[in-house]
Structures are given as structure tokens and as C-alpha cells.
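Chemist:
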Amino acid sequence: MGCLNLMVRVGSRDESPDQTGFAHLFEHLMFSGSKHVPSYDQVAQSMGAENNAFTSNDLTNYYLTFPAPQLEVALWLESDRMGFPLIDQKALDTQKHVVVEEFKERYLNQPYGDAWLELRDLAFQVHPYRWATIGKEISHIEQATLDQVQAFRRRFYAPDQMILGINGPYDLLQVEEWVTRWFGDLEPSGDIRPSYAAEPQPTGIRRREKQGAYPAPALYMAFPMPGRASEDYHACDLITDVLSRGQSSRLFRGLVMDRPMFSDLNAYVTGDMDPGLLVVSGHCAQGISIDDAENAVWEELYKIANHGPIQDELNKSLNQIEASLVMGRTNGLNVAMNLCYFEYLSQAGDLDREIEAYRKVTPDRVRAMAAKLLKPERASILRYLPNEQDDHG
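Here the sequence shown is numbered in this note's numbering, starting from 477 and rising by one per residue.
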């Protein structure tokens with residue numbers, strides 16, 4: 477099999493505050509056909525390929541797997557839609573409708589669906605991470621014009637804003653020849669990406685509560701943390717692994733099993749390129765008040781901040797991470813995607829040093845990072861309350 481990954485260096489952080497959701501909207505538009513390929517999916521399927529795409533705060537990613545001899549066809553497909561997409565008013569209206577319905581279905585019309593809209597707005601005051609990938613407001617998508625979308629394409633969808641990763645049984649010189657043939661004539665944008673204003677450190681706890689027809693109280697706690705390229709990132713990631721990875725983790729064992737305060741409880745990092753968030757989130761068990769649940773989480777956070785993990789806990793997390801990274805190397809598409817990501821982040825070769833970076837983290841470093849990050853005055857807390865439950869249960 478052959479694998480092609482094309483990463484475009486544009487995500488929701490690159491949008492204007494009054495035109496949010498454009499990176500995700502444009503991802504949809506890229507499946508509307510191109511100059512020589514009216515139906516991308518039809519051609520992809522005819523060559524036995526599978527494809528998809530996703531958008532994040534930092535990037536938009538397109539990927540394709542196919543029978544190995546079809547690499548040049550895959551390169552032609554990608555170059556045609558990247559260089560010559562057919563974006564007219566009909567295509568825009570169609571995809572705007574699709575995205576608006578997605579916005580409603582996933583974020584507005586289901587319990588807790590707006591959590592990331594609310595939490596980002598609460599945790600970020602300056603940086604463009606303050607809106608979600610889907611957009612800040614549904615009206616930004618509804619009011620998007622063809623001129624605005626075309627300007628977005630000219631700025632970001634150009635070869636100097638893209639990273640191409642290929643994995644498969646190929647001759648390097650042949651691949652270079654084909655890439656030059658199909659991408660070499662595309663016009664660069666010359667766009668120089670700005671450095672976004674650093675988010676000021678919070679000076680006091682931030683709270684927001686929403687009351688409505690929710691099945692159970694829910695809690696989201698977010699703490700600012702370093703970006704993905706920081707030398708402290710791996711310690712932050714390990715904090716969340718010790719807290720909630722697996723059934724023997726602290727939060728699951730302590731607050732879901734032994735003392736059932738929550739029906740589910742997780743800790744994770746957003747993994748953003750710029751400084752992002754360390755998040756703890758969960759839904760309260762039946763009969764548990766939101767105040768008691770939050771206090772129980774704080775107890776666990778104080779423990780790891782004051783005492784850190786023991787070496788055995790850390791080793792378990794490190795072994796799980798290493799196994800995941802090693803297993804990921806057996807998937808060709810995963811390799812192509814990660815090479816693109818690490819090239820965007822710093823350089824592709826850093827992918828081979830990722831396990832080493834995690835192994836360097838000590839229990840004391842995890843404790844020190846937890847003590848630095850997990851303070852009440854740094855927390856943004858979003859709470860959902862069912863209609864029949866007030867703040868105290």
C-alpha cells in the first residue's frame with residue numbers, strides 16, 4: 477500500500493475573529509471537485525483509494541491510502557484540488573449548509589455539545605485558540621462570501637504552506653520527480669505567518685455555569701500549559717496519563733471505582749502548538765452534587781502536585797506511551813502523518829526522539845510541573861447543572 481499525507485499550515489488560529497470556522501469550511505470545499513477532477517471521491521474510489529481530512533486549531537490535514545502503483549495518480553489528484561479547486565457559489569452554498577448543520581447537530585443540539593465553545597472562550601482572552609475549530613458563531617459560516625473564501629484559499633492553499641509526506645515501497649528519485657511534476661508549477665502565496673499574541677497568565681479562578689436539560693451535572697476544568705514544542709510538554713502529558721490513563725489510574729480508581737463520584741472522568745492535554753490546555757472533565761454519578769465532585773477532583777490534583785507519582789506509576793505510563801508510539805510505526809499512514817506533523821513542529825527527525833523525550837521525565841519533574849500548573853488561580857471551570865439541581869446539589 478501507498479500512503480500520502482498533505483498537511484496545510486492553516487487552522488482555526490489563523491482565522492479573523494469575525495470570520496471564524498473558515499479553515500474547517502474550506503476543508504469541506506476541497507471535496508467539491510477541481511479543474512480536471514470533477515469528482516475527487518469517484519476517482520479515488522476507482523483506483524482503490526480511501527481518503528479523508530480533518531481540521532484542528534493549528535492545521536488542516538488531507539490523507540489518502542491506495543495501491544502502491546497508484547502514487548502518481550494520487551499526487552495528480554492532490555495537486556489538482558490544491559491548485560485548481562472548483563469553488564463557485566453553488567459549491568459554497570452546499571458546504572455552508574453542511575457545516576451549519578454539523579454546527580447545530582454536534583455543538584448546539586445535544587447535551588454538553590457546546591462545552592468546547594464555552595471552555596475555550598473562558599480559558600482564552602487574547603489568543604485565537606479562544607474559538608473552536610467549528611467556529612465561534614454559526615453566523616460566521618452563514619455569512620461567508622465567495623470573495624472571502626477565495627481570499628482564504630490564495631493565502632493558505634499554496635505549496636509554501638504545505639508539507640507532503642509519502643510512505644510506501646518507492647524510489648526516492650522517482651518520487652521527487654513526480655512531486656516536482658505535479659506540484660512544481662503551483663504558485664506560492666508568500667504568506668509569512670504571524671506570531672500570535674501570548675495569552676496572559678490568569679490571575680484568578682474563572683467560572684461559568686450553564687443550567688438546562690442535562691442528564692447529569694458535568695465538570696470541565698482547564699489549566700494553561702506549554703505548547704507542543706516546549707521541553708515541558710512531555711511532563712504535562714504524563715500528568716494526565718498518571719491521572720486517568722487506564723483502570724488503575726488515579727482518577728478512575730479513586731473517583732469512578734472506589735469512591736464513585738463520577739460515571740466517567742478523564743484528564744488530557746489539547747496538544748496545541750502554541751500554549752494550550754490541560755483539561756480534567758467528567759460527568760457526575762447519580763446523586764452526587766457538582767460541588768462535592770469538584771472538591772474530590774481538587775483533592776486528587778493536590779496529591780499529584782504535592783507528592784507526584786511514584787516511579788511504578790510513571791513507568792506504567794511510559795510503557796504505554798512507548799508501546800503506542802512503536803505500534804504507530806507499523807501503520808504507513810500514521811508514519812506519513814507524523815512525519816508531516818513533526819516537520820511542521822520543528823523537524824521530521826524529532827519523531828525518532830519522541831520516546832527518549834518521554835523517558836527523560838522523572839517523577840519529581842511531573843510533581844514540579846503539576847505544582848506549577850494545577851493551581852486554583854490558574855483554573856477555568858465550566859459546570860453544567862440539570863434544571864432540578866442548583867449549585868449545591
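Virtual Cβ for every residue (Gly too), placed ideally from N, Cα, C.
Drop a sphere of 10 angstroms on the beta-carbon of H868, count the other beta-carbons inside from all chains shown, and report buried for 16 or more, exposed for fewer.
Modeler: Residue confidence for H868 is low, a pLDDT of 49 falling below 50, so the modelled location carries little weight; the figure read from the coordinates is stated next. Per the 10 Å Cβ criterion, exposed.
Chemist: Can Q571 and S508 be called in contact, C-beta distance under 8 angstroms?
Modeler: Yes. Within cutoff.
Chemist: Taking C-beta to C-beta, are H603 and T496 nearer than 8 angstroms?
Modeler: Cβ distance not < 8 angstroms, so H603 and T496 don't count as in contact.
Chemist: Quick one: using the 10 Å Cβ neighbour count with 16 as the cut-off for buried, is N537 buried or exposed?
Modeler: Classification for N537: buried.
Chemist: Pull up the DSSP beta-bridge partners for Y744, would you.
Modeler: DSSP output for Y744 lists V755 as bridge partner(s).
Chemist: What does DSSP give as the partner residues of K433 in its beta bridges?
Modeler: The requested residue 433 does not occur in the structure, where the chain is confined to residues 477 to 869.
Chemist: List the residues that DSSP assigns as beta-bridge partners of C479.
Modeler: Beta-bridge pairing links C479 to T541, N643.
Chemist: So for T570, helix, strand or coil by DSSP?
Modeler: Correct three-state label for T570: helix.
Chemist: Measuring only the C-alpha atoms, how far is N643 from W607?
Modeler: One C-alpha to the other measures close to 34 angstroms.
Chemist: Is it buried or exposed, V773, if we count other Cβ atoms within 10 angstroms and call 16 or more buried?
Modeler: By the 10 Å Cβ count, V773 comes out buried.
Chemist: Output needed for S622: all residues of its chain with C-beta closer than 7 angstroms, excluding positions within five of it in sequence on either side, in chain order.
Modeler: The question names Ser, yet the displayed sequence has Leu at residue 622. Excluding sequence neighbours, L622 sits near Q565, L568.
Chemist: Assign A743 to buried or exposed, taking buried as 16 or more other Cβ atoms, counted over all protein chains shown, within 10 Å of its Cβ.
Modeler: The residue is buried, with at least 16 neighbouring Cβ atoms inside 10 Å.
Chemist: Candidates V732, P493, R841: which alpha carbon is nearest A711's?
Modeler: When only C-alpha atoms are compared, the closest one is R841.
Chemist: Closest to G763 by C-alpha separation, out of A674, P862, L849, D713, would be which residue?
Modeler: Among A674, P862, L849, D713, the Cα nearest to that of G763 is on P862.
Chemist: Could you check if Q500 is buried or exposed, using at least 16 other CB atoms within 10 Å of its CB as the buried criterion?
Modeler: Correcting the residue identity first, residue 500 is His in this sequence and not Gln. Counting Cβ neighbours within 10 Å, H500 comes out buried, since at least 16 surround it.
Chemist: Identify which residue in R726, G680, P676, G752 has its Cα closest to the Cα of Y709.
Modeler: Out of R726, G680, P676, G752, G752 has the C-alpha closest to the C-alpha of Y709.
Chemist: With DSSP run on the structure shown, which of helix, strand or coil describes H868?
Modeler: Residue placement at H868 is poorly supported in this model, since its pLDDT is 49, which falls under 50; the coordinates are not used for a value here.
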